[in-house]
Structures are given as C-alpha cells and as structure tokens.
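There are 2 protein chains.
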Amino acid sequence: MLGSVPADRSARGESAAPARPLRDADATRQRLLEAATAEFAVHGIAGARVDRIATAAQANKAQIYHYFGSKEGLFDAVLGAHANVATAEEYFDADDLPGTAGRLFDQFDSRPDLARLATWYRLERAGSERSIGPIMAANEAKIAAITLAQRQGSVTDTFPPDVLLGLVITLAMAWVTLPPEFENPANAHSTGQRREFVIESVRRLIAP
Amino acid sequence: MLGSVPADRSARGESAAPARPLRDADATRQRLLEAATAEFAVHGIAGARVDRIATAAQANKAQIYHYFGSKEGLFDAVLGAHANVATAEEYFDADDLPGTAGRLFDQFDSRPDLARLATWYRLERAGSERSIGPIMAANEAKIAAITLAQRQGSVTDTFPPDVLLGLVITLAMAWVTLPPEFENPANAHSTGQRREFVIESVRRLIAP
DNA sequence: AGCTGTCAACTGAACGGTTAGTTGATATGC
DNA sequence: GCATATCAACTAACCGTTCAGTTGACAGCT
Numbered sequence: 047m048l049g050s051v052p053a054d055r056s057a058r059g060e061s062a063a064p065a066r067p068l069r070d071a072d073a074t075r076q077r078l079l080e081a082a083t084a085e086f087a088v089h090g091i092a093g094a095r096v097d098r099i100a101t102a103a104q105a106n107k108a109q110i111y112h113y114f115g116s117k118e119g120l121f122d123a124v125l126g127a128h129a130n131v132a133t134a135e136e137y138f139d140a141d142d143l144p145g146t147a148g149r150l151f152d153q154f155d156s157r158p159d160l161a162r163l164a165t166w167y168r169l170e171r172a173g174s175e176r177s178i179g180p181i182m183a184a185n186e187a188k189i190a191a192i193t194l195a196q197r198q199g200s201v202t203d204t205f206p207p208d209v210l211l212g213l214v215i216t217l218a219m220a221w222v223t224l225p226p227e228f229e230n231p232a233n234a235h236s237t238g239q240r241r242e243f244v245i246e247s248v249r250r251l252i253a254p
Numbered sequence: 047m048l049g050s051v052p053a054d055r056s057a058r059g060e061s062a063a064p065a066r067p068l069r070d071a072d073a074t075r076q077r078l079l080e081a082a083t084a085e086f087a088v089h090g091i092a093g094a095r096v097d098r099i100a101t102a103a104q105a106n107k108a109q110i111y112h113y114f115g116s117k118e119g120l121f122d123a124v125l126g127a128h129a130n131v132a133t134a135e136e137y138f139d140a141d142d143l144p145g146t147a148g149r150l151f152d153q154f155d156s157r158p159d160l161a162r163l164a165t166w167y168r169l170e171r172a173g174s175e176r177s178i179g180p181i182m183a184a185n186e187a188k189i190a191a192i193t194l195a196q197r198q199g200s201v202t203d204t205f206p207p208d209v210l211l212g213l214v215i216t217l218a219m220a221w222v223t224l225p226p227e228f229e230n231p232a233n234a235h236s237t238g239q240r241r242e243f244v245i246e247s248v249r250r251l252i253a254p
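Residue numbers (our numbering), protein chains in the order written: chain H, 47 to 254; chain L, 47 to 254.
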C-alpha cells in the first residue's frame with residue numbers, strides 16, 4: 047500500500063533474498079509507517095495516539111522513538127513516504143490538463159487518506175519547512191511544461207502557469223476539500239459524474 | 047448538559063445600557079467565544095488547550111464548562127457564532143456568480159481563521175451532524191436561485207446547480223485551501239491578482 | 001437609606017485519567 | 001560474542017473536568 051520500499055540490505059553483503067527473519071527492522075519500520083498513515087489521516091498530529099500506532103503495527107512504542115525520534119518525526123516520515131505518490135510525474139501532461147485533472151481526481155478518490163494527510167500537514171505543520179522541497183522541485187518542472195504549452199497555444203495564457211497548476215489541483219481535489227454541507231444528499235452525484243465535472247471544468251478553464 | 051446554553055438575559059429586565067458591572071455573564075461568554083475562536087483556529091480541537099482559552103479570555107477554566115458544557119461544546123458554539131457570517135445571503139447573487147466568487151474570496155481573505163475553523167470542523171468533527179443544518183438550508187435557496195439563472199440562460203447548464211455552487215466556493219477558497227508547496231515564492235501574486243484569477247475562473251466556468 | 005437573604009458569576013485547587021517519551025533488561029540474528 | 005531489535009514497565013508532565021467555597025449584584029423588607 048505504501049510507496050516503493052528500497053529495503054537497502056544489499057550493502058550488508060547479502061546475496062539472494064533470505065527468508066523473512068522474525069526480527070526485521072525494515073519490516074517493522076514499514077508496519078509502523080502504515081499504521082501511522084492510518085492514524086494520522088484520521089486524527090491528525092495532535093489527535094494521534096502513539097500507543098495506538100504501536101499496537102496497530104504490532105510493534106512497541108519505544109521502536110517509534112528508536113526509528114523516528116519523535117511523534118512529529120514519524121509524521122514527517124509518513125509524509126515523505128507518500129511524497130513520491132503525490133509528485134508522480136507519470137500522471138501529468140501539460141498538453142492534456144483536463145485528462146491530468148481526471149487522473150489526479152482518481153488519485154484523491156482512491157486514497158482519500160492521503161488527501162486528509164496533506165490537509166493535516168497544512169493545518170498543523172505549516173511553516174515547518176519539512177519535506178516540501180522535492181514537491182516544489184517537481185512543481186517547477188510542471189510549471190515549465192505548462193509555460194511551453196501556453197507558448198504553443200494549446201492552453202490559454204489568461205492565467206500564469208503556476209496559477210493554472212494550482213487551479214487544476216484545486217479542482218481535482220474539490221470534492222475532497224469541500225465541507226459536507228455542500229453535498230446535496232438528495233441529489234448526490236456518482237464518482238464518475240464528479241470526475242466528468244472536474245474534467246469539464248478544466249477544459250473550460252484552459253479554452254483559448 | 048450540552049445544549050443548555052440559551053442565556054436569555056432579557057428575563058432580568060434590564061432597561062437601558064448600564065455601566066458594565068464587574069460580573070457580566072454575557073461579556074464573559076463573549077470573551078470566551080473570541081478567545082476560543084483564535085485558539086481553535088490555530089490548534090484545532092485536539093490541539094487546543096482549555097487553559098489557554100480561559101487565560102486569554104481573562105476568565106476561569108470552570109466557566110467554560112459552566113457555559114458550554116465541554117470542549118467540544120465550546121467548539122460547536124464557536125462554529126455556530128460564525129455560521130451567520132458563512133451563510134450570509136447578501137453576498138450571493140446567482141445572476142453574477144463571478145462577482146459572488148469575488149466577494150467570497152474577500153471573506154476568506156479577511157478572515158482566514160474562519161476558513162481554518164471550517165477545515166478543522168471537516169477533519170475533526172465530520173459526521174457529528176451539529177450546526178450544519180442551517181448552512182444546508184441556506185444552500186438550498188442558493189441552489190434554487192442558480193437553477194433559475196440556468197433556465198434563463200445566463201448560466202450554463204453543463205453543471206448541475208449544486209455542483210456549480212460547490213465549484214464557485216471551491217475556487218473562492220482555492221488559495222486558502224492549496225498547500226504551501228504550490229505557492230511559487232519567486233513569482234507570488236498579489237491579493238488583487240488572485241482575486242481576479244478567481245473571478246475569471248468562474249466566468250469561464252459558467253460561459254454558455 | 002440601610003440591612004439582609006438569595007442567587008448567579010466566579011475562583012483556586014485538586015483529581016483521575018491519559019500521554020509522550022525513557023530505560024534497562026531480554027531475546028535474536030549473524 | 002556482539003550488535004541490535006524488541007518489549008514491559010516506568011515517569012513526569014499534562015489536560016479535561018469537577019467541586020467546594022467566595023464574591024459581587026440586586027430585590028425586598030424595614
């Protein structure tokens with residue numbers, strides 16, 4: 047469920063993949079990260095309970111401090127572990143921003159916990175200057191690609207490229223971001239419909 | 047225990063506005079609500095400290111429980127106190143959705159704490175079914191107005207009216223919602239520019 | 001006007017439970 | 001044998017909540 051795990055054990059000179067030992071630091075780290083992802087997504091940093099994370103990971107509280115130093119350190123590690131998912135270039139195509147928005151929508155739809163995690167981060171750890179470096183670097187490339195698409199005329203230059211990127215992401219997140227009050231329960235829309243609304247919105251935004 | 051905070055002081059028969067007595071229940075309630083608004087906006091429910099709120103309000107901790115029953119009761123009271131601001135009809139005009147988005151943007155821009163409060167509510171108190179009733183009722187009226195505007199042709203019917211309302215609100219909140227990573231510091235836009243981007247976005251969304 | 005009884009606003013201090021973080025001992029793989 | 005992964009027990013602080021008691025405001029009585 048989590049991002050690719052390097053599990054860099056080759057440095058220790060192991061040749062082939064050995065049988066899983068009863069004590070596997072990497073596996074424990076991984077279980078802790080997964081349990082912490084779920085706990086932080088639901089309760090945030092202040093509301094998360096270290097004991098619950100340790101229990102859910104079938105590990106011990108002390109290991110959290112051994113591996114991650116502190117509760118906040120664990121949160122940063124969780125965020126970092128999912129950063130590659132968030133910045134994945136493979137979903138981005140400056141020449142097809144509506145399609146990009148659709149794929150982004152699918153991401154948020156399939157992993158709403160990651161969207162919540164990002165929101166908690168924004169609320170609780172703003173200005174901590176942690177782990178947003180790589181994301182900003184990834185955005186630079188995307189903004190450059192949008193600039194190029196604008197020069198070629200396939201995208202309107204009404205909006206600056208960074209604004210356009212922000213708008214696409216915002217619209218893709220719309221139904222995750224929106225408070226529940228604005229969901230009309232009597233007239234709820236299916237996932238497929240909402241996806242189509244997002245795509246159409248972006249299509250209208252970039253029309254020359 | 048939780049819902050018993052009507053505080054109808056008119057029963058005491060106060061005639062004109064007298065000099066503020068040293069002990070004024072209404073004033074204390076108000077100070078607590080203001081201090082709680084600031085505290086909850088910054089730290090959320092789990093992160094807020096009842097002691098800090100009491101100190102900031104120059105009141106005693108026990109009074110919070112006397113007036114609001116519990117920490118969560120206080121949060122709900124804070125939300126309720128600001129609900130009228132959020133649902134204010136005077137800013138909404140179905141025949142001028144871009145302008146509406148601009149006015150909404152101004153709201154979020156002038157009171158970012160209220161936007162944070164709403165986000166905390168969504169994350170920490172989702173499904174509590176408290177105090178969202180009036181907001182949903184207010185939305186019903188707005189959705190009906192949009193439906194009418196669509197029938198008159200001044201607004202596209204590409205999107206259902208409730209979706210359109212959600213999109214307008216989402217776009218108006220865009221720069222409050224967006225994580226800091228998507229702010230380009232080297233190329234930051236002024237408030238006036240961002241306001242214009244929001245308006246132009248909605249204009250494009252509703253174009254027939 | 002002065003005295004007094006009553007009620008509500010207010011307070012300081014504590015309580016019971018919980019929490020993040022620590023430690024030192026034990027078990028395990030190499 | 002040695003490094004380290006693991007764990008139960010521990011602690012010191014903290015936090016929401018309660019409570020017994022105090023103080024101020026005001027109405028009624030004389």
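Beta carbons: idealized from backbone N, C-alpha and C, even for Gly.
- At the C-beta level, I181/L and T133/L come within 8 Å of one another.
- Rounded to whole angstroms, the separation of the alpha carbons of V131/L and Y111/L is 26 Å.
- Using a Cβ-Cβ distance cut-off of 8 Å, the region 73-83 of chain H and the region 143-157 of chain H are not in contact, since fewer than three pairs of beta carbons, one from each stretch, lie closer than that value.
- Fewer than three pairs of CB atoms, one per stretch, sit closer than 8 Å, so the region 115-130 of chain L makes no contact with the region 187-203 of chain H.
- Between L169/H and R162/L, the gap from beta carbon to beta carbon is short of 8 Å.
- In terms of CA proximity to F138/H, V214/H leads the group H235/H, V214/H and A220/H.
- Where V96/L is concerned, the enclosing alpha helix (DSSP H) starts and stops at V96 to A102.
- S236/H: not part of any alpha helix (DSSP H); DSSP gives it neither H nor E.
- Where L169/L is concerned, the enclosing alpha helix (DSSP H) starts and stops at P158 to E170.
- In this structure, R77/L lies near Q104/L, with their beta-carbon atoms less than 8 Å apart.
- Distance from the CA of K117/L to the CA of A129/H, rounded to the nearest whole angstrom, comes to 34 Å.
- Counting along the chain, T202/H sits inside no alpha helix (DSSP H), nor does DSSP assign it H or E at all.
- Here the C-alpha atom of H235/L lies approximately 12 Å from the C-alpha atom of P207/H.
- If you draw a straight line from the Cα of D152/L to the Cα of H89/L, it is about 24 Å long.
- By the C-beta density criterion, R95/L is exposed, having fewer than 16 other C-beta atoms within 10 angstroms.
- Non-local C-beta neighbours of V244/H in its own chain, meaning closer than 7 Å and more than five positions away in sequence, comprise A147, G148, F151, L217, A218 and A220, ordered along the chain.
- Q109/H has its alpha-carbon roughly 56 Å from the corresponding atom of P254/H.
- Linking Y167/L to R197/H through their CA atoms gives a straight-line distance of about 42 Å.
- Bounds of the alpha helix (DSSP H) holding Y111/L are K107 to F114.
- Neighbours of R162/L in chain H, taken as residues whose beta carbon is under 7 Å from its own, are L169 in chain order.
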